[in-house]
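Chains as they are written, first to last, in our numbering: chain A, 1 to 301; chain D, 1001 to 1301.
There are 2 protein chains.
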Amino acid sequence: MFKAPEHQVAGHLVSDGKLGPLVDDSGHFYKPLQGDGRGSKELAFFETFSSDTRVPDHIRRFFPVFYGSQLLEASNGSGLCLHLVLQDIVSGRINPSILDVKIGSRTWYPGATDDYIKKCLEKDGRTTTVSLGFRISGLQLYEGKESGFWKPGRKEVQSFTVDDVRSVLRRFVSSNSSIGNEKPDCSFAPSIYGGSTGILEQLLELKAWFEDQTIYHFHSCSLLILFDKESVLKGSTPAAQVKLIDFAHVLEGKGVIDHNFLGGLCSLIKFISDVLSDSNESSITANVESEKPHVCTCNGN
Amino acid sequence: MFKAPEHQVAGHLVSDGKLGPLVDDSGHFYKPLQGDGRGSKELAFFETFSSDTRVPDHIRRFFPVFYGSQLLEASNGSGLCLHLVLQDIVSGRINPSILDVKIGSRTWYPGATDDYIKKCLEKDGRTTTVSLGFRISGLQLYEGKESGFWKPGRKEVQSFTVDDVRSVLRRFVSSNSSIGNEKPDCSFAPSIYGGSTGILEQLLELKAWFEDQTIYHFHSCSLLILFDKESVLKGSTPAAQVKLIDFAHVLEGKGVIDHNFLGGLCSLIKFISDVLSDSNESSITANVESEKPHVCTCNGN
Chain A
1 MFKAPEHQVA
11 GHLVSDGKLG
21 PLVDDSGHFY
31 KPLQGDGRGS
41 KELAFFETFS
51 SDTRVPDHIR
61 RFFPVFYGSQ
71 LLEASNGSGL
81 CLHLVLQDIV
91 SGRINPSILD
101 VKIGSRTWYP
111 GATDDYIKKC
121 LEKDGRTTTV
131 SLGFRISGLQ
141 LYEGKESGFW
151 KPGRKEVQSF
161 TVDDVRSVLR
171 RFVSSNSSIG
181 NEKPDCSFAP
191 SIYGGSTGIL
201 EQLLELKAWF
211 EDQTIYHFHS
221 CSLLILFDKE
231 SVLKGSTPAA
241 QVKLIDFAHV
251 LEGKGVIDHN
261 FLGGLCSLIK
271 FISDVLSDSN
281 ESSITANVES
291 EKPHVCTCNG
301 N
Chain D
1001 MFKAPEHQVA
1011 GHLVSDGKLG
1021 PLVDDSGHFY
1031 KPLQGDGRGS
1041 KELAFFETFS
1051 SDTRVPDHIR
1061 RFFPVFYGSQ
1071 LLEASNGSGL
1081 CLHLVLQDIV
1091 SGRINPSILD
1101 VKIGSRTWYP
1111 GATDDYIKKC
1121 LEKDGRTTTV
1131 SLGFRISGLQ
1141 LYEGKESGFW
1151 KPGRKEVQSF
1161 TVDDVRSVLR
1171 RFVSSNSSIG
1181 NEKPDCSFAP
1191 SIYGGSTGIL
1201 EQLLELKAWF
1211 EDQTIYHFHS
1221 CSLLILFDKE
1231 SVLKGSTPAA
1241 QVKLIDFAHV
1251 LEGKGVIDHN
1261 FLGGLCSLIK
1271 FISDVLSDSN
1281 ESSITANVES
1291 EKPHVCTCNG
1301 N
């Protein structure tokens, strides 16, 4: 009944022999409580958040549904272990493409130990966290029946430069991503990033909330951006979704906005807008060029 | 002809015997080039920026006008020294109230020495820079003919807590700021922070630019917020102004937005909006209360 999630792109993997998450067939995601206190802090967050009437419904939909906690046999066979029971975000998606983007120009939180802060500062500087205000911490990209998924290893993802991030955000919505050195065509950009229900609009909705909310500070949280090409081709909605995950380091906002999250979110929004406007421009160019022969024929008559 | 500025609230002061800025009677501000390379970097910024056609005019007005550089006798008598010649922002203002707000949740810049970064990190954590995404680095507040200016010392300003910042932003637009423990009345909030040409609208205009511009990253820059009560009482415009100052650590944006500045700016905007909405609410309450006796009289008849 319980199995390792097929589409996990970051975090502890069951396959590493570590304590990892499990899923069932009914759309539940079981996340084991880590022993270092992070698990119980995440449980406490969900318990507070799920009954917090200050969070509007249109924002709540960006969070996985919380079903409580449950004792389960741990994935690594180490005995019974308490798990968070959450909505399995990718449940029902066939071959989903997924980006895990850790938001913020710093991932440490006030009150952490000096050692923890030092470790975070070092990693934040080494990745794009400091320069971009976010870093990609995992991804999988479905390229098609033949080539399957592009799912770079953890080390490769952690070494992404600013240009790599720019390129991944293009490849993510391209139909020719599997073809070696070809320039990503961004052909899915208008339907995935664009449109009234697309990724950009969802991110802008989140941004508007973050400009105002002073309830929570989401340290070291990720945005999961996902879609499946089948839904896009069929035209089913929502083709693309944004979800927040990983709440072990959420602290009270105490009347201050989460400027660290907001700054990083704005940076990601700008990157995605750039892909979208580039793809709009190139489709305009393509249209102009495809009209040329037509004009010529008319002149020829 | 040259004299020490009357209304400087932060930075090196001539009165410390240090090399400080000078002003003249024609609205010019002379800023000596510091020997540690910061001065020449700031000069280079102004030379690039002043001819940068990518900066729209409605944004350029947030920057002091740059008139070039000039050799002048240094304020501390140490001989001839190159000075930036800038617009004197407070020229023509009588008894201006001024806030110097250093924007960003980090003040260090990529490429700085380890020692410099360490010093910044320490100060950023000790002040409200990390928690708020900005810190007040100087202020003067004109209280009236009798009490003159409230201009707390550097040490006092550097020890401002989050609550102090909240309180200063209220006192800044209050008519009873000089009266000991009385709650700031925020009576100038609607005319200084609010309105179509007020501080909030100006900050929102800057914010819109920062959401899009990827040309410059403004590390360790300040926003100067200033007004004079005389202009407010007379109804002359602009009663209040926002200006960016201190450009020694501006770096190229390289296609990335300045998420550090933007996050801090959004945080300041939220604080100022809060003052404004509180003052609107209290004026509604005041109106309701002042109507009460009137209603009673009617009922009594």
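Using N, Cα and C, we set each Cβ at its ideal position, and we do this for glycine too.
(1) If we call anything under 9 angstroms between Cβ atoms a contact, is Leu33/A one with Phe2/A?
(2) Using a C-beta cutoff of 9 angstroms, does Leu132/A count as contacting chain D?
(3) Should Thr1214/D be flagged as near chain A, meaning a C-beta pair shorter than 9 angstroms?
(4) Contact criterion: CB-CB distance below 9 angstroms. Does Gly264/A meet it with respect to chain D?
(5) Would you say Lys1102/D and Thr1129/D are within 9 angstroms of each other, going by their C-beta atoms?
(6) With burial defined as no fewer than 16 other Cβ atoms inside 10 Å of the residue's Cβ, what is the status of His58/A: buried or exposed?
(7) Can you tell me whether Ala189/A is helix, strand or coil according to DSSP?
(8) So Asn1176/D contacts chain A; which residues on that side make the cut at Cβ distance below 9 angstroms?
(9) Anyone know if the C-beta pair for Gly263/A and Gly133/A falls short of 9 angstroms?
(10) Show which residues of chain D have a CB atom less than 7 angstroms away from the CB atom of Ser267/A.
(11) Using a Cβ-Cβ cutoff of 8 angstroms, what residues of the segment 1101-1120 of chain D are near chain A? List them in chain order.
(12) If Val173/A and Tyr193/A are in contact, beta carbons under 8 angstroms, what's the gap, nearest whole angstrom?
(13) Could you please tell me which residues of the segment 1193-1211 of chain D, in chain order, have their CB closer than 7 angstroms to any CB of chain A?
(14) Counting only beta-carbon atoms, is Val162/A nearer than 9 angstroms to chain D?
(15) Using a Cβ cut-off of 9 angstroms (strictly closer), state whether Arg1166/D contacts chain A.
(16) Kindly list, in the order they appear in chain E, the residues whose Cβ is closer than 9 angstroms to that of Lys1123/D.
(17) Suppose the cutoff is 6 angstroms on Cβ atoms and the five residues either side in sequence are ignored; what does the same chain contact list for Phe46/A look like?
(18) Taking contact to mean at least 3 C-beta pairs separated by less than 8 angstroms, is the segment 189-208 of chain A in contact with the segment 267-277 of chain A?
(19) DSSP puts Glu1182/D in a beta bridge; with which residues?
(20) Return yes when the Cβ of Lys243/A is within less than 9 angstroms of the Cβ of Tyr142/A, no when it is not.
(21) Report the CB separation of Pro56/A from Ile89/A in whole angstroms; it is logged as a contact under 8 angstroms.
(22) So with Cβ pairs under 9 angstroms, would you call Lys270/A a contact of chain D?
(23) Check this for me: beta carbons of Ser75/A and Val85/A, under 9 angstroms apart or not?
(24) Do you know whose CA, among Asp1258/D, Phe1247/D, Asn1176/D, Phe1261/D, lies nearest Lys1031/D's CA?
(25) Would the segment 201-217 of chain A and the segment 166-186 of chain A be scored as touching if the rule is three or more Cβ pairs under 8 angstroms?
(26) Taking Tyr1109/D as part of the alpha helix (DSSP H), name the residues at either end of that continuous run.
(27) Who are Pro32/A's beta bridge partners in DSSP?
(28) Please confirm whether Ala1010/D and Ser1222/D have their CB atoms less than 9 angstroms apart.
(29) Under the three-state reduction of DSSP, which class applies to Gly1148/D: helix, strand or coil?
(30) Do Leu203/A and Arg272/A come within 9 angstroms of each other at the CB atom, strictly closer than that value?
(31) Less than 8 angstroms between the CB atoms is what I'm expecting for Leu1169/D and Phe1062/D, so what's the real figure, rounded?
(32) Answer with buried or exposed for Ser1196/D, where buried requires no fewer than 16 other C-beta atoms within 10 angstroms of its C-beta.
(33) Sorted by chain position, which residues of the same chain lie with C-beta nearer than 8 angstroms to Pro152/A's C-beta, five sequence neighbours on each side aside?
(34) Can you list, in chain order, the residues of its chain with a C-beta nearer than 6 angstroms to that of Glu42/A? Leave out the 5 residues immediately preceding and following it.
Taking the structure as given:
(1) Here residue 33/A is taken as the residue at index 33 of the first sequence, counted from 1. Here residue 2/A is taken as the residue at index 2 of the first sequence, counted from 1. It is not a contact, given that the beta carbons lie outside the stated cut-off.
(2) By 1-based counting over the first sequence, the position of residue 132/A is 132. Closer than 9 angstroms to some Cβ of chain D, the Cβ of Leu132/A qualifies, so yes.
(3) In the second sequence, residue 1214/D corresponds to position 214, counting from 1. At a cut-off of 9 angstroms between beta carbons, Thr1214/D contacts chain A.
(4) Position 264 of the first sequence, counted from the first residue, corresponds to residue 264/A. It does: the Cβ of Gly264/A has a partner Cβ on chain D nearer than 9 angstroms.
(5) Position 102 of the second sequence, counting from 1, holds the residue named residue 1102/D. Position 129 of the second sequence, counting from 1, holds the residue named residue 1129/D. Yes; because the gap between Cβ atoms is below 9 angstroms, this pair is in contact.
(6) Working through the first sequence from its first residue, we reach residue 58/A at position 58. Counting Cβ neighbours within 10 Å, His58/A comes out exposed, since fewer than 16 surround it.
(7) Walking along the first sequence from the start, residue 189/A turns up at place 189. Three-state DSSP puts Ala189/A in a helix.
(8) Along the second sequence, read from residue 1 onward, the residue named residue 1176/D stands at position 176. Neighbours of Asn1176/D on chain A: none; closest Cβ ~23 angstroms, over 9 angstroms.
(9) Position 263 of the first sequence, counted from the first residue, corresponds to residue 263/A. Position 133 of the first sequence, counted from the first residue, corresponds to residue 133/A. Cβ atoms of Gly263/A and Gly133/A: closer than 9 angstroms.
(10) The residue given as residue 267/A occupies position 267 in the first sequence. Chain D residues near Ser267/A: Val1256, Ile1257, His1259.
(11) Ser1105, Arg1106, Pro1110
(12) Here residue 173/A refers to the residue found at position 173 of the first sequence. Here residue 193/A refers to the residue found at position 193 of the first sequence. Between Tyr193/A and Val173/A the Cβ distance is about 6 angstroms, and since that is below 8 angstroms, they are a contact.
(13) Glu1211
(14) Indexing the first sequence from 1 puts residue 162/A at position 162. It does; some Cβ of chain D falls within 9 angstroms.
(15) By one-based count along the second sequence, residue 1166/D stands at place 166. Cβ-Cβ to chain A under 9 angstroms: yes for Arg1166/D.
(16) Of the chains in the structure shown, none is chain E; the protein chains are A and D.
(17) Counting from one through the first sequence, the residue named residue 46/A turns up at place 46. Here the set comprises Phe66.
(18) Two segments are said to touch when three or more pairs of C-beta atoms, one from each, lie closer than 8 angstroms; by this definition the segment 189-208 of chain A touches the segment 267-277 of chain A.
(19) In the second sequence, residue 1182/D corresponds to position 182, counting from 1. In DSSP, Glu1182/D forms no bridge with anything.
(20) If you number the first sequence from 1, residue 142/A lands on position 142. If you number the first sequence from 1, residue 243/A lands on position 243. Cβ distance not < 9 angstroms, so Tyr142/A and Lys243/A don't count as in contact.
(21) Position 56 of the first sequence holds residue 56/A. Position 89 of the first sequence holds residue 89/A. Actually they do not touch by this definition, with Cβ atoms about 20 angstroms apart.
(22) Here the question's residue 270/A lines up with position 270 in the first sequence. Closer than 9 angstroms to some Cβ of chain D, the Cβ of Lys270/A qualifies, so yes.
(23) Along the first sequence, read from residue 1 onward, the residue named residue 75/A stands at position 75. Along the first sequence, read from residue 1 onward, the residue named residue 85/A stands at position 85. No; because the gap between Cβ atoms is not below 9 angstroms, this pair is not in contact.
(24) For the purposes of this step, residue 1031/D is identified with residue 31 of the second sequence, where counting begins at 1. It is Phe1247/D whose Cα lies nearest to the Cα of Lys1031/D.
(25) no
(26) Sequence index remark: in the second sequence, residue 1109/D carries index 109 (1-based). Counting along the chain, Tyr1109/D falls outside any alpha helix (DSSP H), and DSSP gives it neither H nor E.
(27) The residue labelled residue 32/A in the question sits at position 32 within the first sequence. Partner(s): His83/A.
(28) Position 10 of the second sequence, counting from 1, holds the residue named residue 1010/D. Position 222 of the second sequence, counting from 1, holds the residue named residue 1222/D. Yes, the pair counts as a contact, with Cβ atoms nearer than the cut-off.
(29) Reading the second sequence from its first residue, position 148 is the one you call residue 1148/D. Three-state result, Gly1148/D: strand.
(30) Along the first sequence, read from residue 1 onward, the residue named residue 272/A stands at position 272. Along the first sequence, read from residue 1 onward, the residue named residue 203/A stands at position 203. Strictly speaking, residue 272/A in this sequence is Ile, with Arg absent from that position. Result yes, Cβ atoms of Ile272/A and Leu203/A sit closer than 9 angstroms.
(31) Here the question's residue 1169/D lines up with position 169 in the second sequence. Here the question's residue 1062/D lines up with position 62 in the second sequence. The Cβ separation is near 19 angstroms, so there is no contact.
(32) Position 196 of the second sequence holds residue 1196/D. Flag for Ser1196/D reads exposed.
(33) By 1-based counting over the first sequence, the position of residue 152/A is 152. The residues are Leu139.
(34) As a first step, residue 42/A is located in the first sequence; it is residue number 42 there, counting from the start. These residues qualify, in order along the chain: Phe247, Ala248.
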